[in-house]
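*Asks:*
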Amino acid sequence: MEKEQETKIKITDVKMSDSSFKTELDGDKLYFIRLNLSERVQHLIFVICFIVLVITGFMTKISKDMLGFLGGAGNIVFYYRSLLHRTAGVIMILTSLYHIYYLIFKPAGRRLLFDMMPRVKDITDMISNIRYYLGLEDSPPEFDRFSYKHKLEYGALFAGTTLMSVTGVLMWTEQDWSKFLIDISTLIHGMEAILACLAIMVWHLYEVHLRPHKFPIDHMWLTGVIDEEEMKEEYPIHYKKIMNDPELQKIYTEVRVLTDQGLKKIGFVK
Amino acid sequence: MLSSVFFYSIILALICSIFFVGIGFAQSVASPDEENCLFCHRYPQMGRYDETGKKRVFYINEKMFANSVHGHLKCTSCHVGLDTIPHTNIEKVDCSTKCHIVEPSTNKEFSHVNMIEKYEASVHGKMKNGKIKPHAEDLPTCKYCHANRMYNPFRTIWGKSEALSRETLTRCMGCHTQEQWAKRFYSHFTHRMRRRRSQAEIIALCTSCHEDRKKMARHGLETIETYKDTFHFTQVKYGVENAPDCIDCHVPVNYSTHYIRPKTDPTSPVYITNRVMTCSNQGGLKTCHPGAHAEFASGRVHAYGIKAKIAARDKKIKMPSQAENLVAERAQQEIENKEIFHYQVLKIIRLFYQMLIAVVVGSMVIHQMLDYIRTKKRHH
């Protein structure tokens, strides 16, 4: 157990949580793993690629008048724009392919896929959650490891990445296809980009940045863990499952020493 | 910080360029004014309002004129007549006039008539089958596109190219000792070696007519703003080297740029059988889409415009004015059924996505707002 503690990074949640979640500053504490290292790395690569792709992609849509300031540098800017867009696209596709491999061949990936599968409960959850928002119910529904929000987003990401990859590769190899197919690809690539961008901004960035108790940022994407309070609050069914099953406890829980040092290192806590 | 340094250096470069270009002009010597036209025309205020109320400026800047492509001509070479003062017997300048300059390759009198002949045979020429085309007044004449352009400044802001110019000129002047002549010859030559207009300038020139909906409708044409939806234009926007502008695809290879033909003409590079060559390898000049095959090249480059819209709708469409009826009529002839199908597929995809974006993002916004309000309420 001690050896394990040493290898794990040290974290705190004091600064980023609401006062109601504040706990004592020292001593060991139980944490629940939401994302393992592989998943966090996959996510980080995706974030970087997505931002690069969005910027370099929408650069083609800037109006001519706004590009006047580039002057003679436009040629070189456009060259690097194209290069970056393709590079980021290739990295994203490779990451997606690795993710599919991960889903099929790794136990953690198989668990993720199984937990991510849509179920009837998701529809009833969504209805009762919206009823809760509207004040028709007193408490929100109890979620398992992934709520309907996560499942919708994951599904959209899966479909979106597939579409963008296929249309992107088609456009890259345009002279091998009919112009009609390229026209369709161009249209879908552009429209899907708008959809993906808006969806990420409204759905995902709200969830991890603007949501009360998450503002300004939910550190889980770097640390991979949440504390017991948050786990009970947000994913009660999964929490109960873990607490009743020693096997799951081995997978999803860990005890970490509560200290600022871990996050100080990556510059999140002053 | 870095970007502001970049910005200031650009401003500095601009100021320097204006300064040095000025020096470049000041250095060359103006040709002597044999007819003494500048006796009056050197005054900047010289001009009048003509009968239509248009302001006409008759001022000639001697130095600028001397640096122009026509700088060594006499005024009366182009402005024929003009032997009375005030000038009552004025005639419009005709570029096919022989201007008493000897063309060195044939030793005959020079005129632009060769170009004009090619131009008259092009889609922009006024005559068709020996008859004047309807609405011929819309068609551009020489002066619509060409001004008395100045030579590129001999001295540029780029030190390297200036040294190069000097070195070359020194070599020329080893035999051709008259500096004025050597400079002019050098300028004439290098002027022809470079692109005179950037791609963006070409597009601005062509669209000055081809985006005028009424003017185009008179000739049964659709406007070409759909070109601006293409990736070709995206490259032009950024000033990418060799980005394709109008001329690249519409002027036949090895022809003068004046010879633009309609797409139904077999010599046109956008004629269906010439497309593969146009897209893949323009006579060895440019290789844009090296592996292009017929399937790729036969597609539509400009996005679908008003004609496809008309053709895809009801066959019996009635449009308000007679001119627009002409567009509709030509749309029925030109747009094939295959293209109508393509247009409709693209339209459906676009509509589907517009609805999807509105519904998905709209409901996401509502969902997250409700979440925010409820979570806030609960914890306070």
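Going down the list, the sequences are from chains A and B. My numbering applies: residue 44 is where the first sequence begins, and numbers increase by one. My numbering applies: residue 5 is where the second sequence begins, and numbers increase by one. Glycine residues also receive a C-beta, built at the ideal position from the N, C-alpha and C atoms.
Tell me the DSSP secondary structure of residue 328 of chain B in three-state form.
*Replies:* The answer is helix: DSSP assigns residue 328 of chain B an H, G or I state.
*Asks:* Assign residue 188 of chain B to one of three DSSP states: helix, strand, or coil.
*Replies:* The answer is helix: DSSP assigns residue 188 of chain B an H, G or I state.
*Asks:* Determine, using beta-carbon pairs with one atom in the segment 291-308 of chain B and one in the segment 220-228 of chain A, whether at least three such pairs fall under 8 Å.
*Replies:* Short answer: they touch.
*Asks:* Please decide whether residue 375 of chain B counts as near chain A, where near means a Cβ-Cβ distance under 8 Å.
*Replies:* It does: the Cβ of residue 375 of chain B has a partner Cβ on chain A nearer than 8 Å.
*Asks:* Step through the CB atoms of chain A and report whether any lies within less than 8 Å of the CB of residue 406 of chain B.
*Replies:* The requested residue 406 of chain B is not part of the displayed model; chain B covers only 5 to 384.
*Asks:* In chain order, what residues of the same chain lie with their CB nearer than 6 Å to the CB of residue 21 of chain A, ignoring the 5 residues before and after it?
*Replies:* Since the displayed chain A opens at 44 and closes at 313, residue 21 of chain A lies outside it and no answer follows.
*Asks:* Using a Cβ-Cβ cut-off of 8 Å, state whether residue 85 of chain A counts as contacting chain B.
*Replies:* No, residue 85 of chain A lies away from the interface with chain B (no Cβ there is under 8 Å from its Cβ).
*Asks:* Can you give me the C-alpha to C-alpha distance between residue 227 of chain B and residue 75 of chain B, rounded to a whole angstrom?
*Replies:* Straight-line Cα distance between these residues: approximately 38 Å.
*Asks:* Mapping DSSP to helix, strand and coil, what is residue 182 of chain A?
*Replies:* Coil at residue 182 of chain A, not helix or strand.
*Asks:* Would you mind stating whether residue 197 of chain A and residue 159 of chain A have Cβ atoms separated by less than 8 Å?
*Replies:* Closer than 8 Å, so yes.
*Asks:* Look at the Cβ atom of residue 86 of chain B, then the Cβ atom of residue 66 of chain B, and state whether they are nearer than 8 Å.
*Replies:* Contact: no.
*Asks:* With a CB to CB cut of under 7 Å and the five nearest residues on each side skipped, what residues in its chain are close to residue 115 of chain B?
*Replies:* Here the set comprises 100, 101, 102 and 103.
*Asks:* Taking 8 Å as the threshold (C-beta atoms), are residue 95 of chain B and residue 84 of chain B in contact?
*Replies:* Going by C-beta atoms, residue 84 of chain B is nearer than 8 Å to residue 95 of chain B.
*Asks:* Just to check, is the beta-carbon of residue 146 of chain A closer than 7 Å to a non-hydrogen atom of the ligand FAD?
*Replies:* No copy of the ligand FAD appears in this structure; indeed no ligand is present at all.
*Asks:* Which residues mark the beginning and the end of the alpha helix (DSSP H) in which residue 165 of chain A is found?
*Replies:* 163-176 is the span of the alpha helix (DSSP H), which, as asked, contains residue 165 of chain A.
*Asks:* Pull out every residue of the segment 204-230 of chain A whose Cβ sits closer than 8 Å to any Cβ of chain B, in chain order.
*Replies:* Listed by position along the chain: 217, 218, 219, 220, 221, 222, 223, 225, 226, 227, 229 and 230.
*Asks:* Let me know the secondary structure DSSP gives residue 155 of chain B once reduced to three states.
*Replies:* Coil at residue 155 of chain B, not helix or strand.
*Asks:* With distance defined between alpha-carbon atoms, name the residue in A:173, A:246 and A:250 nearest to residue 366 of chain B.
*Replies:* It is A:246.
*Asks:* Terminal residues of the continuous beta strand (DSSP E) containing residue 265 of chain B?
*Replies:* Counting along the chain, residue 265 of chain B falls outside any beta strand (DSSP E), and DSSP gives it neither H nor E.
*Asks:* Is any beta-carbon of chain B found at less than 8 Å from that of residue 66 of chain A?
*Replies:* Reliability fails at residue 66 of chain A, whose pLDDT of 41 lies under 50, so the model's placement of it is uncertain and the value that follows must be treated cautiously. By this cut-off, residue 66 of chain A is not an interface position.
*Asks:* Please report the residue range of the beta strand (DSSP E) in which residue 269 of chain A lies.
*Replies:* Segment 268-270, the beta strand (DSSP E) holding residue 269 of chain A.
*Asks:* When the Cβ atoms of the segment 128-142 of chain A are set against those of the segment 247-267 of chain A, are three or more pairs found closer than 8 Å?
*Replies:* They do not touch, by the three-pair rule.
*Asks:* Which value, in whole angstroms, describes the spacing of the CA atoms of residue 93 of chain B and residue 139 of chain B?
*Replies:* The alpha-carbon atoms of residue 93 of chain B and residue 139 of chain B are separated by roughly 28 Å.
*Asks:* Below 8 Å on the Cβ atoms is my contact criterion, and I expect residue 2 of chain B with residue 230 of chain A to pass it. Report the Cβ-Cβ distance as a whole number of Å.
*Replies:* Since the first residue shown for chain B is 5 and the last is 384, residue 2 of chain B is missing from the structure and cannot be characterised.
*Asks:* Are three or more beta carbon pairs between the segment 184-200 of chain A and the segment 110-126 of chain A nearer than 8 Å?
*Replies:* These segments do not touch.
*Asks:* So residue 152 of chain A is in the alpha helix (DSSP H); what residue range does that whole segment cover?
*Replies:* 150-159 is the extent of the alpha helix (DSSP H) around residue 152 of chain A.
*Asks:* Leaving out five residues before and five after residue 78 of chain B in sequence, what residues of the same chain have Cβ atoms less than 7 Å from its Cβ?
*Replies:* If we look at residue 78 of chain B and ignore the five residues flanking it on each side, its Cβ neighbours are 38 and 39.
*Asks:* Applying the 10 Å Cβ sphere with the 16-neighbour rule, what's the burial state of residue 234 of chain A?
*Replies:* Per the 10 Å Cβ criterion, buried.
*Asks:* In three-state terms, what does DSSP make of residue 75 of chain A?
*Replies:* Three-state DSSP puts residue 75 of chain A in a strand.
*Asks:* Among B:268, B:44 and B:315, which has the Cα closest to the Cα of residue 344 of chain B?
*Replies:* Ranking the options by Cα distance to residue 344 of chain B, first place goes to B:315.
*Asks:* In whole angstroms, give me the CA-to-CA distance for residue 213 of chain B and residue 361 of chain B.
*Replies:* Using only the alpha carbons, I get a separation of about 36 Å.
*Asks:* Check the Cβ-Cβ distances between residue 254 of chain A and every residue of chain B, and say whether any is below 8 Å.
*Replies:* So, interface residue.
*Asks:* Determine the chain A residues that contact residue 212 of chain B at a beta-carbon separation under 8 Å, and present them in chain order.
*Replies:* Per Cβ cutoff of 8 Å: no residues; residue 212 of chain B is ~15 Å from chain A at best.
*Asks:* Decide if residue 50 of chain B is buried, meaning its Cβ has at least 16 other Cβ atoms within 10 Å, or exposed.
*Replies:* So residue 50 of chain B counts as exposed.
*Asks:* Are there three or more Cβ pairs, one per stretch, closer than 8 Å when the segment 278-289 of chain B is compared with the segment 191-207 of chain B?
*Replies:* Because the criterion of three Cβ pairs below 8 Å is not met, the segment 278-289 of chain B and the segment 191-207 of chain B do not touch.
*Asks:* By DSSP, does residue 233 of chain A sit in helix, in strand, or in coil?
*Replies:* Three-state result, residue 233 of chain A: helix.
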